[in-house]
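The sequence shown begins at 8 in my numbering and counts up one residue at a time.
Just so you know, even glycine gets a beta-carbon here, dropped at the ideal spot from N, CA and C.
Quick notes on the structure that follows.
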Amino acid sequence: MRKRVFEIIEAAREHDRLSNAYDIVMMVTIFASLVPMAFKQTNEVFDAIETVAVFIFGADYLLRLWTADFKLKKGAASYLLYPFTPMALVDLISILPSMNLISSSFRLFKVLRLLRTFRVFRVFKAVRYSKSIQLIKAVFKNSHRQLLTVVMLAIGYILLSALVMFNAEPDTFNNYFDAVYWATISLTTMGYGDIYPVTTIGRIITMISSIFGIAIIALPSGIITAGLMEEIYRQQPKPDQTEEKPSDLQNS
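Pasting the structure below:
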């Protein structure tokens, strides 16, 4: 019985109807529980949604703890280790903000329920998303060094340009963090306009930063695109794999 429960909540088989239904119920519950967060006022409907959601999330957490040995495969130690796994912590945090023991100031912790949606999206693995997700994962895995290099380059450029701007316009930026904030939005070419240079030298630095920002932002796109095309080509069947060999023709 416990193994069957584990198969249902973990979607062990692609065509398991009960497992797919369970995933759909969890997905609907997750998004429904986020609806009250979009309103400042509460009402009986929102309270009912919250109560049902907490009950479902709590039952889901207990079921996963009950079948932890099937997932972690470490015997009795699985029951002690499972509560400290990343997704188990997310599950627990999604429940705690609704408890009376937690202050209402922790209401923002409910946003962590969004992380659960990535897990329940496994309901779509029987359709078309499985190969696409695996393809994207392979691209990031094969290109992680190049992407990490770009990230470090961007961070270094942000810190350096922020330092230059902070010293070029000390009256505009109250602290170094404000300069880092400006450098970040300039690098991404967002430009909210809440902090901006007022001197000529500051504006020149901004123009240079924006130009370099476009180049740095374009690098990950090129790396991912190249990796995607390479992975697609690698997974395509080769001509010698599709053509029949002469020996096969003779045997036929």
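When rounded, the separation of the alpha-carbon atoms in D67 and A84 is 20 Å. Nearest Cα to P227 within the set S193, F64, H151: H151. A straight line joining the alpha-carbon of D54 with that of I63 spans about 14 Å. One Cα belongs to L88, the other to F180, and the distance between them is close to 47 Å. Residue nearest to I212 within the set I239, I165, A225 is I165 (criterion: CA-CA distance).
In this structure, the beta-carbon distance from G209 to M172 falls below 8 Å.
The criterion of a C-beta distance shorter than 8 Å is not satisfied by E14 and K78. By the neighbour-count criterion, in which a residue is buried when 16 or more other Cβ atoms sit within 10 angstroms of its Cβ, V205 is exposed. Between R9 and T74, the C-beta gap is smaller than 8 Å, which places the two residues in contact.
In this structure, the straight-line span from the alpha carbon of V146 to that of T49 is close to 45 Å.
Counted as a single uninterrupted DSSP element, the alpha helix (DSSP H) harbouring A225 occupies residues 207-242. Residues A169, M172, F173, F180 of the same chain have their beta carbon placed closer than 6 Å to that of A186, with the five preceding and five following residues left out of the count. DSSP places K81 outside both helix and strand once states are collapsed to three, so it counts as coil. The beta carbons of G220 and T195 sit closer together than 8 Å. In its chain, beyond the 5 residues on either side, S150, Q153, L154, V157 have a beta carbon closer than 8 Å to the beta carbon of I230.
If you draw a straight line from the Cα of D201 to the Cα of M44, it comes to about 27 Å. In this structure, I56 and V35 do not form a Cβ contact; the two beta carbons are roughly 11 Å apart against a cut-off of 8 Å. Residue state for S40 is assigned as helix, using DSSP reduced to three classes. Look at M94 here: in three-state DSSP terms it is helix. Rounded to the nearest whole angstrom, the CA to CA distance from A95 to I102 is 11 Å. DSSP places G65 in the helix class (H, G or I) of the three-state scheme. Sorting D98, Q242, T207 by C-alpha distance to the C-alpha of L72 places D98 at the top.
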